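These notes are about the structure you will find just below.
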Amino acid sequence: MKYLLLTVAAAGMFVLSSQTAHAQGNYEIQVYGADTVPPHSTMVELHSNYTADGQKRFIDGVDPTNHAEHETVEITQGINGWSEVGFYIFTSEQSGTGVQWVGDHIRPRVRVPDSWRWPVGVSVSTEVGYQRALFSPDTWTWEIRPIVDKTLGRWYFAVNPALERTWHGPDVNLGIGFSPAAKFSYDFTRQISGGLEYYADYGSITNIASLHNQQQQFFPAIDLNVSPKWEINFGVGIGPTAATDHWIIKGIVGRRFDWGRNKGQ
Amino acid sequence: MASASALLPRPSGAAAWPQATSPNSLSSPINPPDFTIEIGELEWELSPKKKIRTSAYDGQIPGRLLRVTEGNAVTIEILNKLDRPEIVHWHGQWIPSDVDGAMEEGSPMIPAGGTTRVTFTPKPSGLHWYHTHTAAHRDLKLGLYSGQFGMLLVEGRDHPGNYDQEQFLVLHDWEPYFVNSDDGSQMVNYAAATINGRMLGHADPIQVKAGQRVLFHVLNASATEPHWLSLPGHQFQVIALDGRPVPTRANVDILRLGPAERISAIVIMNTPGVYILGEARGAFRDVGMGTIVEYANSVGKPQSVPEIRLRWDYGQFGDSSPSSYKPDVTVPLIFTSHFEGHGALARWRINGKSFPETDPVILHEGFRHRLVFNNPSTDDHPVHLHRHAFELVSIRGAATSGIRKDVVIVEAGSTVEADLVADNPGNTLFHCHQQDHMDAGFMALFRYV
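Read top to bottom, the protein sequences are chains W and R.
Going by this note's numbering, the first sequence opens with residue 1, and the numbers climb by one from there.
Going by this note's numbering, the second sequence opens with residue 1001, and the numbers climb by one from there.
Below, the structure written as structure tokens:
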């Protein structure tokens, strides 16, 4: 299923920050589509993100992001026709520090089955995880991410109005943060789709940060649909606000394994 | 020249096609028809927990089994109680274009609320069927997504084989919806499936006795899905494909039927027990495609088929020697798709063009035409030729002969050759029997000169 391959893994930059705490984000930059991985299948993805122009100073004990290379392995297992569980391993590499383990997250997800014939795709994921204080002062975080998407002919639209909560760290008292993401793309050919992805962190939902302190990123991105088994995404991100890394290059390579169950179907 | 109607796009049943006139003047009691078919809406119970609203024939799913005799003319009155034009196609019958039941050939549609009669002489014998031939496009309540189908059994002089009882099984898929597919375009998936209109466990069991020979007549009336049928512990001796006797009655563990294909097969009941006769793939059984076969004096939980290899080869039912006939004309037919977006159905083409722009295939009466079905696409296609049967000549390069069909699955990336002797003049429709493919241009008209 094509969009299982394009957008199934996905989403956001974990706990990008708040108004007061600085964190390294940009580990897994993708907008979720509503589909889940099919039952008995596994999707393995490698997210590679390089910050070409980012934070150059240590802030609150957190490593700078400038010239950081983040590699994230994401393994998602389809449970049934409407649910999956994803697991993340985050790593970071910077000059002088080598490859560092950053943390792990787990992300169950459920969706509205196709058989309900809703006019849009809808799913909800929740993500819980730990990251080392060296990379984020908020070490335990939780996120809930509603996902709505729609494919219309050659056009694709997705929106992820995610809500985040810090369980352990300086942002515990900030309440719920709002970190929406969205995407639209156009199918130029069967194999090549191109579009724009948007990621943001507005800070606390009850106390929206000033534009200066918001994180805003725009990624012109392409998806290559070269095979049902492979997912390839590439983009270059621009961060126009002071609180955002200014240039990020991201790539995703994913491989689906159905363990032979679809042969002859 | 093709008729004007044949050049029009394929509507979902609107008034673009010619319609029958004098809708109510034909119901004369002086000359009663042999059969009457009423097309209407109904609520149907697939299971106690699942009801659907659809359209069907005579208030039942499938429609009544029509038994007729080869060579004896039959008159059928059709009442269309729907609020849209309809048409009934007599699938597998070698009859004139104007009664065949395809607008593209010139058969008139039955107006909304109207009545018409068709008279034809059934030929050939065997298991055939009748069904709506309207387009659906993105309205998944229309066309073969509905319940408008039934079996037509044409009794012939040839006995189909010794048997103790006959069973008729009609496969269908329900509650369709669009999903994204591996090939990048949308496809249709289903939430429910039935045999004879009932989900597994919700129909009376088929009662058999040890030692009986049961003749199963199976029709796949699904709009788009091929189906694999198995009966644990038993084999099927295939005696006919698409109603035509096969040269070699091979025994097989599993039957494959593409949309519109029919198989007649004898099962010798030699393993007492209670079984599920149903889809070999669990996902389809789980949504209802199966029925219970119960031996006399047997009780217990029905056994379903274990993991079984999905393998089918038409050639095993053919003559071992290749056809000795040389074709007079070779007709290449290449099936390709045109990408319309990940959120759309693909557009299908025959020799580079979609219907109604497809070039007509010219037939010469009495000539042997070798149809070369070349499918470089990534989808299998159950292609169907109206009003004729063709003889399979080669499948993926392997020669065969003696298998006469009107539907053949041309698997993705393969070529099938079939010989057609043009012996039934008149406009003749050729198309993929997947509803979503035929609606998306996979059609061509064969014309006699």
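C-beta: ideal position from N, C-alpha, C; glycine also.
Here the structure is a predicted model, which means the values were calculated and not measured.
Who are the neighbours of residue i on chain W, taking C-beta pairs under 8 Å?
i	result
GLY1106 (chain R)	Those do not exist, as GLY1106 (chain R) stays about 34 Å from chain W at its closest Cβ, beyond 8 Å.
Interface residues of chain R around residue i at Cβ under 8 Å?
i	result
TYR156 (chain W)	HIS1342 and GLY1343
Could you tell me which chain R residues have their CB closer than 7 Å to the CB of residue i, listed as they occur along the chain?
i	result
ARG165 (chain W)	None at all; the shortest Cβ gap to chain R is about 33 Å.
PRO228 (chain W)	ASP1182
ARG117 (chain W)	TYR1177
Consider the Cβ of residue i: report whether some Cβ of chain W lies at a distance smaller than 8 Å.
i	result
GLU1175 (chain R)	yes
ASN1189 (chain R)	yes
Does residue i have its Cβ less than 8 Å from a Cβ in chain R?
i	result
ASP187 (chain W)	yes
LEU196 (chain W)	no
THR151 (chain W)	yes
Below 8 Å between beta carbons: does that hold for residue i and residue j?
i	j	result
GLY1258 (chain R)	VAL1407 (chain R)	yes
GLU1105 (chain R)	THR1428 (chain R)	yes
VAL1287 (chain R)	ALA1191 (chain R)	yes
ALA1412 (chain R)	THR1378 (chain R)	yes
GLY1341 (chain R)	ARG154 (chain W)	yes
GLY1040 (chain R)	LYS1081 (chain R)	yes
PHE90 (chain W)	GLN131 (chain W)	yes
TYR1275 (chain R)	GLY1233 (chain R)	yes
PHE1446 (chain R)	HIS1381 (chain R)	no
VAL148 (chain W)	ALA34 (chain W)	yes
MET1151 (chain R)	TRP1174 (chain R)	no
HIS1131 (chain R)	HIS1089 (chain R)	yes
GLU71 (chain W)	SER48 (chain W)	yes
ARG1404 (chain R)	ASP1100 (chain R)	no
HIS1137 (chain R)	ASP1439 (chain R)	yes
GLU74 (chain W)	GLU28 (chain W)	yes
LEU1229 (chain R)	SER1264 (chain R)	no
Quick check: the Cα distance between residue i and residue j, rounded to an integer number of angstroms?
i	j	result
PHE1236 (chain R)	GLN77 (chain W)	39 Å
THR206 (chain W)	LEU163 (chain W)	12 Å
SER92 (chain W)	LEU134 (chain W)	11 Å
HIS1437 (chain R)	TYR50 (chain W)	45 Å
ARG165 (chain W)	LEU174 (chain W)	8 Å
ARG1157 (chain R)	VAL1293 (chain R)	30 Å
PHE178 (chain W)	PRO161 (chain W)	7 Å
PRO1111 (chain R)	ILE1254 (chain R)	42 Å
TYR1325 (chain R)	ARG1262 (chain R)	26 Å
LYS229 (chain W)	LEU1385 (chain R)	35 Å
SER1146 (chain R)	VAL1188 (chain R)	14 Å
GLU1077 (chain R)	ARG255 (chain W)	57 Å
VAL1218 (chain R)	PHE1355 (chain R)	31 Å
ALA1135 (chain R)	GLN1435 (chain R)	7 Å
ALA182 (chain W)	ASP104 (chain W)	24 Å
PHE218 (chain W)	VAL1331 (chain R)	54 Å
THR244 (chain W)	ARG117 (chain W)	39 Å
GLY1092 (chain R)	ASP1242 (chain R)	8 Å
Looking only at its own chain, which residues have a Cβ that is under 8 Å from the Cβ of residue i, when we skip the five neighbours before and after it?
i	result
GLY1366 (chain R)	VAL1421, ALA1422 and ASP1423
VAL1393 (chain R)	PRO1322, SER1323, ARG1370, ALA1399, THR1400, SER1401, GLU1417, ALA1418 and ASP1419
PRO113 (chain W)	GLY81 and TRP82
ALA1298 (chain R)	Before going further, note that residue 1298 (chain R) is Ser rather than Ala in the sequence given. Correct list, in chain order: PRO1272, GLY1273 and VAL1274.
ALA1210 (chain R)	MET1269, ASN1270, PRO1272, TYR1295 and ALA1296
Determine the chain R residues that contact residue i at a beta-carbon separation under 9 Å, and present them in chain order.
i	result
ASN225 (chain W)	GLY1184 and HIS1342
Once you ignore the five residues that flank residue i on each side, which residues in its own chain have a CB closer than 6 Å to its CB?
i	result
LEU1042 (chain R)	ALA1056 and GLY1059
LYS1051 (chain R)	GLU1043 and GLU1045
LYS150 (chain W)	VAL120 and PHE157
By the criterion of Cβ-Cβ separation under 9 Å, what are the contact partners of residue i in chain W?
i	result
ASN1251 (chain R)	By Cβ distance, chain W contributes nothing, its closest Cβ being about 20 Å from ASN1251 (chain R), past 9 Å.
Could you list which residues in chain C have their beta carbon closer than 8 Å to that of residue i, in chain order?
i	result
PHE1339 (chain R)	Of the protein chains in this structure, namely W and R, none is chain C.
Between residue i and the rest of its own chain, which residues show a CB-CB distance below 7 Å, the 5 nearest in sequence each way excluded?
i	result
LYS1353 (chain R)	ASP1359
PRO240 (chain W)	GLN216
ASP187 (chain W)	ARG154 and SER193
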